[in-house]
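*Asks:* Please read through the structure below; I'll follow up with questions.
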Amino acid sequence: MKHAYSLFLLSGWLLFSLTAHCQQGADQPVSGTFTHLPFAEFARQVEAQTPVHFYFDPKAVDSLFVTLQVQAQPVAVVLERALANTSFHYVVDDANRVIVTSGPVLSTTLPGNFFRAATAADALAEEETAATPAARSHLVSVSEARVYTIGASGSTGARATLAGRIRDHKSGEPVVGASIYSESTKIGASTDQFGAYSLTLPVGAHELKIRGVGIKNTRRQVVLRNDGKLDIEVEEDVVTLREVIVEAEKDKNVAGMQMGLEKLDIKTMKQVPTVFGETDILRVILTLPGVKSVGESSTGLNVRGGATDQNLILFNDATIYNPSHLFGFFSAFNPDVLQGVELYKSAIPAKYGGRLSSVLDITTREGNKKKFGGSGGIGPLTSRLTLEGPIIKDKSSFILSGRASYSDWLLKSLSDKNFSQSAASFYDVTGHLSHEFSEKNALYATGYFSTDRFRLASDTTYHYTNQAASIKWRHNFTNQLFSVLTGTYSSYNYDVTSSKNPVTASVLKYAINQSGLRADFSYYPNSRHSIDFGGSTLVYNISPGSYMPGNEASLVKPVLLGRERAVESALYASDKFDITPRFSVSVGLRYSFFQALGPRDVYEYAPGESRTEASITDTVHFANNKILAHYQGPEYRLSTRYSLTDNSSVKASYTRTRQYIHQLTNTASVSPTDVWKLSDASIRPQVGDQFSVGYYRNFKNNTIETSVETYYKTLHDFVDYKSGATLVLNPHIETDIINARGKAYGVEVFVKKLTGKLNGWVGYTYSRSLVQVNGATTADMINGGSYYPSNFDKPHDFTLVGNYRFSHRFSTSVNFTYSTGRPITLPISKYYLNNSLRVFYSDRNAYRVPDYLRLDLALNIEGGHKVKKLAHSSWTVGVYNLTGRRNPYSIYFKSVNGQIKGYQLSIFGNPIPTVTYNFKF
């Protein structure tokens, strides 16, 4: 009893002493002189003099400085003076913890009636907090402060998989390309086109950091007990005047596996000046290294020495065959409906195939799932309007966009009759629907339609249309296995009509239709592996051409070419494997099949002779659905990455691709009357091999990205043409086509800064693109069988895109482009043969047109930034070709008084001012 009494006294004394000590520490005086001291350093010095410990958000107080002089003042008095006239408050709890916050004052104790005031609502909240394990397996996270418990307890494994989607808090749209990362485990993932992610983490507590372009950096506290889902809603980031470090995927340039990939969001693309003031994604793509065009107004892309038909252009996975409007002055895609663009120049993922050089993957927004809204713009030649909103709030949405031109007023105002008597117009419509049936199933549907009509100072009218549609079903089997089933339809057709003279009235038509089905699966077995696999099938139907009388009085002789049909299929699989934190490998295989089908007549030619109509030896008829030609082969994918440091890495890749469809054109630039031809018994598929090596380094906390990539590419069996080839309405087209081979090589230097007041990129490319036609006979040789420059061989290319933001409302953009002139074949002399005057031409592409140089400037003026305005607006004022340089579009020759004279045609020989008004509500 005596010992118990002594123990009781001792415990009481210790408790009293500890309490007194804590109270004494909180009241202990502070002395010192603090002059413009950052708050974090001020807190450290106070902690050194007293037992208190500070808790605060370093980012919140990074602009708070303390200036005061105190002598033996209590901590409370010092804090009151330090935080006077600021938005910050402090509280001190019983454990001498000083908590500094901005906003409402925190309370360290519960109110006296807290437990007596419980209501039915509190009971419901209590019930939700203590939900069943099944209910906890799928949560929606909107708060940084809350701890989210995922999955039922009792997991027998050391790891669990967390999956979900990241969405915009206001619109409900998915955030694509956002990174979610666990700092403690160094495990992270990026969201896909649906905003979905999957992370396999050790069971236990984690802090997940979420970062993305255009969203505020945020974090979530989770306790992972078993497999489960966590959907995360994030807020849009508002650009401020201070330099902001965009941390989303900030090290992808270095740490990512992919090389030769350029990703642009619509906000970045809208800053680049364009010819008529409207955002043009194809012209922005042309500012990237390794991407060129043959000249002014051409939207055909030549990527790393490839032809324009060697690019696969996808619009929500549907193929687009003609991506331009109005002679190439406008792209076919309305910028207001777009989400982003990805261009693959090398290391093309195994799920893509069918083209040799690149894949341009264009995706649209889903539409606002929270509220109705719209946007649009009015320019000198076009106007556009976009409407979007929820069908069922938070579950389904729509977006509908239209664009139309009214350029006739400009043409009629010109003094030249060749223009004033012309007419040109276009319109396009884009629609998208999305609906989530459940957390495992969602449906997406996209439709696109465009039409162009123009007449150039004659009675001949050109009319062409694009149609594309896709429907996707996304299904989640588990947190580690996802699938997307996609059906697509694409169509392109044109007609050329002449009706002024009834006797010669005619209609020329062409059409290509493509239907497809694709299944893609993604499997994430663990944090080091990501496996993709699937298959696809495409069905082609081509009407190569018809030439018919335009009316009953016409004497035009009808011509109708036989239809072409084919099926192209493929299976693929790829595995990305992180061998060590610094070394990763991606291996893939795509195996493609192609069958050309009847009904069709196939001509056989004498072996060892040049193919001409005279060398036809037989005609073989293939019945409906009979295979007249079959090709197949593997397409390899291999990529490696080794991180030298946290800020630098080297990468290498090898890619083999096959292409079974060819574009036939007799012009250097893309023309709406170009035709597509399927491989058959006479025209073999194209095969390409590309080797790439690159060095990547980031500077200034990953805000400046640099890269140097070099590549070497070989091309086999791509099409070239005999001199004087006839490509339209030619029933023996194979007699004018030659299977050629080529090589392309180059080096690309890229420096990019997308943050801060001053941002943009600089790119330089040195490259060569060479062709060799070495046929079996002299007639099938070009330039004696030696290599010669391709039509798009432009060795030097330099581009500067810069943006400077003066304030919230005013910014300016500049675009400077220089490139070597493209190759050309020139007439050199005249001679007589059999009393007939002939022209002697140089070797093919032995000369070049003058170099290309252009400077564009734009001023962007934003409206007021009031949150509750009915509509937000902006103006874009720009000048295209500021220097007025007459860049050559083409060089042509005429015989004048017996002399051959050359002429240069320039599309824009003067500065082109533009004004565009944009609005959003």
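Be aware that the sequence shown starts at 585, since it is given in the working numbering, and climbs by one per residue. C-beta: ideal position from N, C-alpha, C; glycine also.
Give me the Cα-Cα distance between Pro613 and Val661, rounded to the nearest whole angstrom.
*Replies:* Here residue 613 corresponds to residue number 29 of the sequence shown, with the count starting at 1. Here residue 661 corresponds to residue number 77 of the sequence shown, with the count starting at 1. So the alpha carbons of these two residues sit roughly 9 Å apart.
*Asks:* What's the gap between the Cα of Pro857 and the Cα of Asp992?
*Replies:* Numbered from 1 along the sequence shown, position 273 holds the residue referred to as residue 857. Numbered from 1 along the sequence shown, position 408 holds the residue referred to as residue 992. Distance between the alpha carbons of Pro857 and Asp992: 23 Å.
*Asks:* By DSSP's criteria, Asn1444 is part of a beta bridge. Which residues make up the other side?
*Replies:* For the purposes of this step, residue 1444 is taken as the residue at position 860 of the sequence shown. Answer is Ser1395, Thr1460.
*Asks:* Taking the alpha helix (DSSP H) that Ile850 falls in, what are its first and last residues?
*Replies:* As a position in the sequence shown, residue 850 is number 266, starting the count at 1. Its alpha helix (DSSP H) spans residues 850-853.
*Asks:* CA-CA distance, Ile1115 and Thr1224?
*Replies:* Taking the sequence shown and counting its residues from 1, one reaches residue 1115 at position 531. Taking the sequence shown and counting its residues from 1, one reaches residue 1224 at position 640. Their Cα atoms are separated by approximately 16 Å.
*Asks:* Roughly how many angstroms lie between the CA atoms of Tyr1487 and Val1433, to the nearest whole one?
*Replies:* Position 903 of the sequence shown, counted from the start, is the residue given in the question as residue 1487. Position 849 of the sequence shown, counted from the start, is the residue given in the question as residue 1433. So the two alpha carbons sit approximately 11 Å from each other.
*Asks:* Assuming Ile794 and Ala747 make a contact with CB atoms under 8 Å, what is their CB distance in whole Å?
*Replies:* The residue given as residue 794 occupies position 210 in the sequence shown. The residue given as residue 747 occupies position 163 in the sequence shown. At roughly 14 Å, the Cβ-Cβ gap does not stay under 8 Å, so Ile794 and Ala747 are not in contact.
*Asks:* Who are the near neighbours of Glu831 in its chain, counting only those whose CB is closer than 7 Å to its CB and skipping five residues on each side?
*Replies:* Start at 1 with the first residue of the sequence shown, and residue 831 comes out as number 247. Residue confidence is low: Glu831 scores 38 on pLDDT, short of 50, so the model does not pin down where it sits. Its coordinate-derived value is still stated next. These residues qualify, in order along the chain: Arg795, Asn801.
*Asks:* Give the single residue among Ile1321, Val1423, Arg1406, Pro1407 whose Cα lies nearest to the Cα of Lys1414.
*Replies:* Within the sequence shown, residue 1414 is the residue found at index 830, counting from 1. The candidate whose alpha carbon is nearest that of Lys1414 is Val1423.
*Asks:* Short of 8 Å in beta carbon distance, which residues of its chain neighbour Tyr639, apart from the five on each side in sequence? Order them along the chain.
*Replies:* Numbered from 1 along the sequence shown, position 55 holds the residue referred to as residue 639. Counting only Cβ-Cβ distances below 8 Å, and skipping sequence neighbours, we find Arg681, Val682, Ile683, Val684.
*Asks:* Check Val823 in the structure and name its three-state DSSP category.
*Replies:* For the purposes of this step, residue 823 is taken as the residue at position 239 of the sequence shown. The predicted model places Val823 with a pLDDT of 47, which falls under 50 and marks its position as unreliable; any figure quoted below should be read in that light. In the structure shown, Val823 sits in coil (DSSP, three-state: anything other than H, G, I, E or B).
*Asks:* From the DSSP secondary-structure annotation, give me the bridge partner or partners of Glu1152.
*Replies:* Here residue 1152 refers to the residue found at position 568 of the sequence shown. In DSSP, Glu1152 forms a bridge with Leu1122, Phe1178.
*Asks:* In this structure, how does DSSP classify Glu846 when only helix, strand and coil are distinguished?
*Replies:* Against the sequence shown, residue 846 aligns to sequence position 262. Reduced to three states, the DSSP call for Glu846 is strand.
*Asks:* How big is the Cα-Cα spacing for Val1303 and Tyr1371?
*Replies:* On the sequence shown, residue 1303 is found 719 positions in, with the first residue counted as 1. On the sequence shown, residue 1371 is found 787 positions in, with the first residue counted as 1. Approximately 15 Å between the Cα atoms of the pair.
*Asks:* Alpha carbons only, please: which of Tyr1124, Ile1211, Arg1058, Val1140 is nearest the one belonging to Asn1085?
*Replies:* Position 501 of the sequence shown holds residue 1085. Considering only alpha carbons, the answer is Val1140.
*Asks:* Return the first residue and the last residue of the beta strand (DSSP E) that Ala1328 is part of.
*Replies:* The residue given as residue 1328 occupies position 744 in the sequence shown. First-last of the beta strand (DSSP E) with Ala1328: 1321-1337.
*Asks:* May I ask you to report which of helix, strand or coil DSSP gives Ser1054?
*Replies:* By one-based count along the sequence shown, residue 1054 stands at place 470. In this structure, Ser1054 counts as strand in the three-state DSSP scheme.
*Asks:* In this structure, how does DSSP classify Ser967 when only helix, strand and coil are distinguished?
*Replies:* Numbered from 1 along the sequence shown, position 383 holds the residue referred to as residue 967. Strand.
*Asks:* List in chain order: all unbroken beta strand (DSSP E) runs of 3+ residues lying wholly within the region 748-816.
*Replies:* Fully enclosed beta strand (DSSP E) runs of 3 or longer: 763-766, 771-774, 780-786, 788-795, 802-808.
*Asks:* If distances are taken between C-alpha atoms only, which option among Leu1437, Tyr1476, Ser1474, Asn1465 comes closest to Gly861?
*Replies:* Stepping through the sequence shown from its first residue, residue 861 is reached at position 277. Closest by alpha carbon: Asn1465.
*Asks:* Can you have a look at Ser766 and say buried or exposed, based on whether 16 or more other CB atoms are within 10 angstroms of its CB?
*Replies:* Counting from one through the sequence shown, the residue named residue 766 turns up at place 182. Ser766 comes out buried.
*Asks:* Three-state secondary structure (DSSP) at Val1499?
*Replies:* Numbered from 1 along the sequence shown, position 915 holds the residue referred to as residue 1499. Note: Val1499 maps to strand in three-state DSSP.
*Asks:* Looking at the structure shown, is Gly1486 part of a helix, part of a strand, or coil, going by DSSP?
*Replies:* Translated into the one-based positions of the sequence shown, residue 1486 becomes position 902. Residue state, collapsed to three classes: strand.
*Asks:* Let's test the definition: count the other Cβ atoms within 10 Å of the Cβ of Ser1391 and tell me whether it reaches 16, buried, or not, exposed.
*Replies:* Against the sequence shown, residue 1391 aligns to sequence position 807. It counts as exposed.
*Asks:* Skipping 5 residues on each side, what residues in its chain have a beta carbon closer than 7 Å to that of Tyr1189?
*Replies:* For the purposes of this step, residue 1189 is taken as residue 605 along the sequence shown, with counting starting at 1. Arg1195, Ser1199, Ile1200, Thr1201, listed in sequence order.
*Asks:* Between the C-alpha atoms of Gln1179 and Ser1127, what's the straight-line distance to the nearest angstrom?
*Replies:* In the sequence shown, counting from the first residue as 1, residue 1179 sits at position 595. In the sequence shown, counting from the first residue as 1, residue 1127 sits at position 543. Straight-line Cα distance between these residues: approximately 17 Å.
*Asks:* Are the beta-carbon atoms of Ala988 and Phe778 separated by less than 9 Å?
*Replies:* Numbered from 1 along the sequence shown, position 404 holds the residue referred to as residue 988. Numbered from 1 along the sequence shown, position 194 holds the residue referred to as residue 778. No. Outside cutoff.
*Asks:* Nearest CA to the CA of Val645: which residue from Thr1290, Leu984, Glu625?
*Replies:* Locating residue 645 in the sequence shown gives position 61, counting from the first residue. Here the closest residue by C-alpha is Glu625.
*Asks:* Are there 16 or more other CB atoms within 10 angstroms of the CB of Val1143, so buried, or fewer, so exposed?
*Replies:* Residue mapping note: residue 1143 aligns to position 559 of the sequence shown, counting from 1. That one is exposed.
*Asks:* Classify Val760: buried if its beta carbon has 16 or more other beta carbons within 10 angstroms, exposed otherwise.
*Replies:* For the purposes of this step, residue 760 is taken as the residue at position 176 of the sequence shown. So Val760 ends up on the buried side.
*Asks:* Is Gly951 closer than 9 Å to Phe982 when the C-beta atoms are compared?
*Replies:* The count along the sequence shown starts at 1 and reaches residue 982 at position 398. The count along the sequence shown starts at 1 and reaches residue 951 at position 367. In contact: Phe982 and Gly951 (Cβ atoms closer than 9 Å).
*Asks:* Once DSSP output is grouped into helix, strand and coil, what is the label at Arg628?
*Replies:* Position 44 of the sequence shown, counting from 1, holds the residue named residue 628. DSSP places Arg628 in helix when its eight states are reduced to three.
*Asks:* Roughly how many whole angstroms lie between the Cα atoms of Gly1493 and Arg1438?
*Replies:* Mapped onto the sequence shown, residue 1493 falls at position 909. Mapped onto the sequence shown, residue 1438 falls at position 854. Approximately 11 Å, taken between the alpha carbons.
*Asks:* From the DSSP secondary-structure annotation, give me the bridge partner or partners of Tyr531.
*Replies:* Since the displayed the chain opens at 585 and closes at 1505, residue 531 lies outside it and no answer follows.
*Asks:* Can you give me the C-alpha to C-alpha distance between Lys1478 and Pro1411, rounded to a whole angstrom?
*Replies:* Taking the first residue of the sequence shown as 1, we reach residue 1478 at position 894. Taking the first residue of the sequence shown as 1, we reach residue 1411 at position 827. Lys1478 and Pro1411: Cα-Cα distance of roughly 11 Å.
*Asks:* Determine, using beta carbons only, whether Arg1221 and Val1292 come nearer to each other than 9 Å.
*Replies:* Counted from its first residue, the sequence shown places residue 1221 at position 637. Counted from its first residue, the sequence shown places residue 1292 at position 708. In this structure, Val1292 does not lie closer than 9 Å to Arg1221 by Cβ.
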